[in-house]
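In our numbering, the protein residues as written are 20 to 334.
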Ligand SMILES: NC(=O)c1ccc[n+]([C@@H]2O[C@H](COP(=O)([O-])OP(=O)(O)OC[C@H]3O[C@@H](n4cnc5c(N)ncnc54)[C@H](OP(=O)(O)O)[C@@H]3O)[C@@H](O)[C@H]2O)c1
């Protein structure tokens, strides 16, 4: 099969497709015919830096998510040809991922789905919409009466969260740190230019999804109403942890702080997500589409920066 493999630091221009054997099925694992996959910052970090880490088995096929059909159900009880999505659990790091024609994946990270979306739109779903869904519903307990703030909305996750929040009926306030990108968040009810201080610039916020993360988190906590919840899901600000965080003083009285980590997908959450997408007729958006044969161009586009999700269709 065709696959992209890396064993050392690899920038987009150096990416090549190679021929490798189709993996052999084993108990507890299913063989998926990959029909498409979304690309993530996570794989760029792998290509640029993390590939040097001893825990990455080399060569490795990157890719932390995919959509496709069961090619060999092994002992899963699923049928050949069943439509599935898969994400996380060590994909593309501890074992080979999705940048290939086939992927051998552990049953507990593969989920059958009911959907009419085409492969490109479906490929925009697994990691991005699962994370948006988990952050908004599992963590923020989002209701249609809420005023939802999305901080750092000009990213794949931000665009997905705007789509979900609007479909639910919420008022959505989205921020960007670049004036030129304000039109990209026009689907939100309000667009705010974020200079690092939102307190006083947004009103009535009951739920906040923070994708900029620890760099501005204390300020996000000040921007929500009493009784409001802040979910820290992103690290776009480049700061990964909070130092000198004083919960007594930094979390305002009656404000709640939570965080979401996408490493634990379940069939129950995937079913709820697809029921919502189907009911609200949401077609996930993507910023650019490539094929597996043009994976080099896809990685180069990722290195340059694309507004929205990059999806790759495997023909
Ligand atoms: N918690 C989890 O389990 C989980 C799961 C998935 C993703 N994430 C995180 O969620 C965030 C979004 O992920 P994604 O895959 O949607 O990202 P993405 O589509 O790759 O978006 C990256 C873009 O975000 C933009 N951005 C917006 N606000 C920014 C800011 N304040 N500082 C720097 N860049 C900013 C940057 O473009 P401009 O600077 O031009 O605007 C950058 O090109 C990332 O931090 C990712 O690590 C977390």
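Where a beta carbon is used, it is the ideal one built from N, C-alpha and C, also for glycine.
Check: residue i C-beta below 8 Å from any heavy atom of ligand 1
| i | result |
| --- | --- |
| residue 255 | yes |
| residue 173 | yes |
| residue 252 | yes |
| residue 300 | no |
| residue 66 | no |
| residue 200 | yes |
| residue 290 | no |
| residue 146 | yes |
| residue 112 | no |
| residue 108 | no |
| residue 208 | no |
| residue 324 | yes |
| residue 128 | no |
| residue 117 | no |
| residue 150 | yes |
| residue 231 | yes |
| residue 213 | yes |
| residue 293 | no |
Buried or exposed (CB count within 10 angstroms, at least 16 for buried), residue i
| i | result |
| --- | --- |
| residue 118 | buried |
| residue 230 | buried |
| residue 265 | exposed |
| residue 199 | exposed |
| residue 197 | exposed |
| residue 52 | buried |
| residue 147 | buried |
| residue 205 | exposed |
| residue 72 | exposed |
| residue 222 | exposed |
| residue 235 | buried |
Beta-carbon proximity check, residue i vs residue j, cutoff 9 Å
| i | j | result |
| --- | --- | --- |
| residue 211 | residue 225 | no |
| residue 50 | residue 40 | no |
| residue 228 | residue 269 | no |
| residue 65 | residue 111 | yes |
| residue 181 | residue 172 | yes |
| residue 104 | residue 144 | yes |
| residue 163 | residue 187 | yes |
| residue 281 | residue 58 | no |
| residue 334 | residue 311 | yes |
| residue 116 | residue 169 | no |
| residue 208 | residue 185 | yes |
Under the three-state DSSP convention, the category residue i falls into
| i | result |
| --- | --- |
| residue 138 | helix |
| residue 170 | strand |
| residue 131 | strand |
| residue 21 | strand |
| residue 210 | strand |
| residue 216 | coil |
| residue 38 | strand |
| residue 175 | helix |
| residue 27 | coil |
| residue 227 | strand |
| residue 67 | helix |
| residue 264 | coil |
| residue 295 | helix |
| residue 182 | helix |
Residues that DSSP places opposite residue i in a beta bridge
| i | result |
| --- | --- |
| residue 121 | 52 |
| residue 275 | 248 |
| residue 107 | None, per the DSSP bridge assignment. |
| residue 85 | 105 |
| residue 57 | 330 |
| residue 201 | Beta-bridge pairing links residue 201 to no other residue. |
| residue 310 | 332 |
| residue 193 | 169 and 210 |
| residue 114 | 110 |
| residue 79 | 25 |
| residue 91 | 50 |
Distance cut-off 8 Å: residue i Cβ against heavy atoms of ligand 2
| i | result |
| --- | --- |
| residue 195 | Although ligand 2 was asked about, the structure shown includes only ligand 1 as ligands. |
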